[in-house]
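Have a look at the structure below, then the notes.
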Ligand code: RIB
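Numbering (the UniProt record's numbering), first residue to last: 1 to 417.
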């Protein structure tokens, strides 16, 4: 009896399950010094064919960040999560390549359907020497993933998180969201490429990750006049929360990321830099994957600022190499990997990093003051999202801990504004 009890105590808890329902594309990428003008032909410097698609990238990001690379010594606490991909590819060579690429990264593809006679999704990508990209996606087989393929429950074991983007037929995305809500499965929506969504999508949505452009489009401001200010983002975050979203993240590329949650806490986490920016393709997907691991690893003590910080670290590696899936880092690439994604042990991580680097990774007041606020002479009337356009910012302000703790969740925009 005693032996059994002690065995039960030592039993490892089951790995959290993340299910990604989304696109798989073959990325055809030309690297160019600049993009051509209308009617102009230019020479590319380099071309590559690589596996991608926002769904596949996010699934692989979750899985690579949850595992060490093949051949690397196992880490003390083993893999961090199981990942399943649900999607559709064609019966062509690209389809087979994609499935093999995902399976080689331990992503379960048993619910990726192959459609004979259909082409796999393709993305034509141009990457400029600055690392910035422009992408045209042709969905092909991705569009054929139907609500019936999802059915009445999320395929496979009930996941701890379902992740969706918008590179599928919108009917399938909306059906999946309603199924997940009925089943009580937390949802992370990354509405990219952006499309207007029905209002009821937001009600009960656990996590919404948007970039600046998507944020504007979803709130009805299609023509960006300039970068979002801190104030714009607070108002936008509040608007999404009022619609029913629990955690809103606005990614800002090299400026970092902003969050606003249902407790009306908000803050900014700066971007990280681990080397020269070579190709930004897949950086947003890596950020989402790292954030998702933070969600499933910390059900009781999820800390959105820590999740953003993990996202920023992981994405900073992705931009230093060409390609999407191939440039996503494995777990051992992140600093002190045994502690990352574990919010309850974050103090330990911070202390270890401080000891190693002699400084802190917390957010300074300078970081928290968005450069756009400091540098811009624009008057509020020039803001892309004006006070009249958005809901007012709530009266409630996040509480200050005032204990000198440098954890980002306890820092807020107004600290440095
Ligand atoms: O987010 C990057 C991805 O967008 C690329 O891999 C491409 O396939 C497009 O879906």
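We put the CB at the ideal spot given by N, CA and C, even for glycine.
Below 8 Å, is the gap between the Cβ of residue 95 and the nearest heavy atom of the ligand RIB?
no
Use the C-beta contact count for residue 46: other C-beta atoms within 10 angstroms, 16 or more gives buried, fewer gives exposed.
exposed
Residue 196 Cβ short of 8 Å to the ligand RIB heavy atom set
no
Cα-Cα separation, residue 175 to residue 238
26 Å
Using the rule of at least 16 other Cβ atoms within 10 Å of the residue's Cβ for burial, across every protein chain shown, is residue 216 buried or exposed?
buried
Per DSSP, what kind of secondary structure is residue 150 in: helix, strand or coil?
helix
Alpha helix (DSSP H) containing residue 64: first to last residue?
54-66
Taking the DSSP output, what are the residues bridged to residue 121?
25
For residue 319, which residues in the same chain have their Cβ closer than 7 Å to its Cβ, ignoring the five residues on either side in sequence?
131, 277, 278, 279, 280, 283
Heavy atom of the ligand RIB less than 8 Å from the Cβ of residue 121, yes or no?
yes
Three-state secondary structure (DSSP) at residue 389?
A caution first: residue 389 carries a pLDDT of 47, below 50, which makes its placement in the model too unreliable to give a value.
Among the residues of its own chain, which have a CB less than 6 Å from the CB of residue 21, if the five just before and after it don't count?
86, 164, 176
Since residue 260 contacts residue 266 with CB under 8 Å, what's their CB separation in whole angstroms?
4 Å
Suppose only complete runs of 3+ residues qualify. What are the beta strand (DSSP E) ranges in the segment 220-252, listed by chain order?
247-251
Same chain, Cβ closer than 6 Å to residue 315, five either side skipped, listed in chain order
283, 286, 287
Thinking C-alpha only, which one of 133, 246, 345, 173 is nearest residue 27?
133
Would you report the Cα separation of residue 76 and residue 12, rounded to the nearest angstrom?
12 Å
Proximal residues to residue 186 (C-beta, below 6 Å), its chain only, five neighbours per side dropped
161, 206
Can you tell me the Cα-Cα spacing of residue 379 and residue 229, whole angstroms?
Bear in mind that the predicted position of residue 379 carries a pLDDT of just 26, short of 50, making it too unreliable to give a figure here.
Near the ligand RIB: residue 289 beta-carbon under 8 Å from a heavy atom
no
Measure the C-alpha to C-alpha separation of residue 107 and residue 232 and round it to an integer number of angstroms.
38 Å
For residue 101, collect the residues of the same chain with a Cβ closer than 8 Å to its Cβ; drop the 5 residues on either side in sequence, then sort them by chain order.
51, 56, 60, 325
So, using beta-carbon positions, are residue 44 and residue 24 closer together than 9 Å?
no
What are the start and end residues of the beta strand (DSSP E) that includes residue 134?
133-138
Between the C-alpha atoms of residue 248 and residue 241, what's the straight-line distance to the nearest angstrom?
7 Å
Pull up the CB-CB distance for residue 218 and residue 189, whole angstroms please, since I reckon it's below 8 Å.
Their Cβ separation, rounded to whole angstroms, is 10 Å, which puts residue 218 and residue 189 out of contact at 8 Å.
State the CB to CB distance for the pair residue 213 and residue 201, rounded to an integer number of angstroms; the pair is presumed to be in contact (CB under 8 Å).
No, residue 213 and residue 201 are not in contact; Cβ-Cβ is about 18 Å, not under 8 Å.
For residue 114, which residues does DSSP report across the bridge?
89
Using only the heavy atoms of the ligand RIB, determine whether one of them is closer than 8 Å to the beta carbon of residue 309.
no
Cβ-Cβ distance between residue 331 and residue 83 below 9 Å
no
Per DSSP, what kind of secondary structure is residue 281 in: helix, strand or coil?
coil
May I ask you to report which of helix, strand or coil DSSP gives residue 126?
strand
Residue burial classification, residue 348 (beta-carbon count within 10 angstroms, cutoff 16):
exposed
Nearest-angstrom Cα distance between residue 116 and residue 93?
11 Å
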